[in-house]
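Reading through the structure tokens given below for one structure.
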Amino acid sequence: MPTNNPKISAYVPQYVFDRFKQYEKEQGLSMSQAVADILIRYFELTPARRPAAPPAIPAEVVERIASLERKVELLEKIAIPAPASLNSPLTFTSEAAGPDDADPAPSK
């Protein structure tokens, strides 16, 4: 398979080669993938083919987002369409107020 990656060739002692072939088989990698994997680990690099895991979102942030989503859902439930003559597409009312009790949005 053609590649744009540079080539590395080396002569190693038989025991190193035997261990390398064992590693290749254990990991289920091709020879090129095994060499790249070993070098990446040795040099402590982040491989391009394996993106770093995204940072975990703290639990308090997740709960805050959930809380805000619940508030938005409540606001959407109490929103009523504004008259066509107003620039604002929605008018909000309290749960106790009916559509006739809502204050119209200020016009610009």
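Anchor point for the sequence shown: position 11 equals 11 in the UniProt record's numbering, and the numbering is continuous, going up by one each time.
By construction, the Cβ of each residue, glycine as well, lies at the ideal position given by its N, Cα and C atoms.
What residue does the alpha helix (DSSP H) around residue i start on, and which one ends it?
i: Leu39; result: 31-42
i: Ala59; result: 59-78
Residue i to residue j, Cα distance in whole Å?
i: Phe20; j: Asn4; result: 24 Å
Starting from the C-beta of residue i, find all residues in its chain whose C-beta is less than 7 Å away, skip the five residues before and the five after it, and write them out in chain order.
i: Leu29; result: Asp37
i: Glu26; result: none
Between the Cα of residue i and those of the options, spot the shortest distance and give me the residue it belongs to.
i: Asp39; options: Ala59, Glu26, Ile57, Ile8; result: According to the sequence displayed, residue 39 carries Leu and not Asp. For the residues Ala59, Glu26, Ile57, Ile8, the minimum Cα distance to Leu39 belongs to Ile8.
Less than 8 Å between C-beta atoms, sequence neighbours within five positions excluded: which residues of the same chain meet that for residue i?
i: Lys71; result: none
i: Tyr11; result: none
i: Ala34; result: Phe20, Tyr23, Glu24, Gln27
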